[in-house]
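*Asks:*
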Amino acid sequence: MSLGTLLRGLARMIAISVIFSIVGPLAFAALLLAIVASFGAPLAQLFATFAGHDLFSTIVSVALWVLTIAAWLAAIPPSAMAGLIFAFAAVCAGLDRIWMAWLAAAAGIAGVILLGNFVIPGESSAVILPNVQSADQSLRLFAILAVLAMLPATLCWWLSKPLHRASIAA
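Everything in the sequence shown is counted per this note's numbering, starting at 3 for the first residue and increasing by one.
(1) Assess, as a yes-or-no matter, whether the segment 83-92 is touched by the segment 152-167 under the definition of 3 or more beta carbon pairs within less than 8 Å.
(2) For V134 versus L147, is the C-beta spacing smaller than 8 Å?
(3) Can the beta-carbon of I71 be found closer than 8 Å to that of P27?
(4) Using a 10 Å radius around the Cβ and a threshold of 16 neighbouring Cβ atoms, would you call G11 buried or exposed?
(5) Alpha carbon to alpha carbon, how far is N119 from P132?
(6) Starting from the Cα of A84, find the closest Cα among I16, S63, E125 and G124 and give me that residue.
(7) Compute the distance between the beta-carbons of A31 and W74, then report whether it is under 8 Å.
(8) Express the C-alpha separation of I115 and L9 in angstroms, rounding to a whole number.
(9) What is the DSSP secondary structure of V122, counted as helix, strand or coil?
(10) Cα separation between S4 and L117?
(11) Specify the secondary structure class of I18 as computed by DSSP and reduced to three states.
Below, the structure is given as structure tokens:
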């Protein structure tokens with residue numbers, strides 16, 4: 003295997019990781035915003051009829067923006083982990099199927115949940131980790147997030163498809 007082949011493989015791995023790290027959190031935040039907006043719209047209309055429409059719409063708008071930004075920031079670490087796992091599997095081992103992207107997303111989510119079990123960030127820290135109290139709660143959180151992450155992982159897999167077609171597996 004030549005140095006050029008290794009460098010091309012490394013460049014493809016970096017590009018796949020960047021796609022997962024940028025597109026994954028944006029797609030996850032958009033998906034979460036769409037779910038909240040679609041299920042919360044009837045309830046918001048009900049509250050808007052009883053409260054002032056202008057005041058209520060401003061509060062809801064700010065709340066949705068805060069939710070979207072928080073979801074985007076919280077999705078960056080598992081998306082970056084999923085990107086690294088999928089890039090290594092796709093480029094080095096030739097496992098470039100969509101199920102591998104889903105498995106990488108699930109592994110990234112599991113890594114962040116496990117990290118949240120053992121690391122407690124300080125009050126002034128900007129680190130966003132889940133605070134789970136039991137194994138049952140960890141499994142439920144994992145199941146919900148893994149299902150929600152399937153669509154962003156699929157989008158990232160599709161966008162990075164030209165990069166993981168050729169593998170450097172010997």
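Every residue, glycine too, gets a C-beta built ideally from N, C-alpha and C.
*Replies:* The short version:
(1) yes
(2) Within the sequence shown, residue 134 is the residue found at index 132, counting from 1. Within the sequence shown, residue 147 is the residue found at index 145, counting from 1. Not in contact: V134 and L147 (Cβ atoms no closer than 8 Å).
(3) Numbered from its first residue, the sequence shown carries residue 71 at position 69. Numbered from its first residue, the sequence shown carries residue 27 at position 25. No. Outside cutoff.
(4) If you number the sequence shown from 1, residue 11 lands on position 9. Result: buried.
(5) Numbered from its first residue, the sequence shown carries residue 119 at position 117. Numbered from its first residue, the sequence shown carries residue 132 at position 130. C-alpha separation (whole angstroms): 8 Å.
(6) What you label residue 84 is simply residue 82 of the sequence shown in a count that begins at 1. Closest option to A84, Cα to Cα, is I16.
(7) Walking along the sequence shown from the start, residue 31 turns up at place 29. Walking along the sequence shown from the start, residue 74 turns up at place 72. Closer than 8 Å, so yes.
(8) Mapped onto the sequence shown, residue 9 falls at position 7. Mapped onto the sequence shown, residue 115 falls at position 113. Approximately 33 Å between the Cα atoms of the pair.
(9) As a first step, residue 122 must be located in the sequence shown, where it is residue number 120. A small fix is needed here, since residue 122 is Ile in this sequence, not Val. Coil, per DSSP.
(10) On the sequence shown, position 2 is the one that residue 4 refers to. On the sequence shown, position 115 is the one that residue 117 refers to. Spanning the two alpha carbons is a distance of roughly 38 Å.
(11) Here residue 18 is taken as the residue at index 16 of the sequence shown, counted from 1. It is helical.
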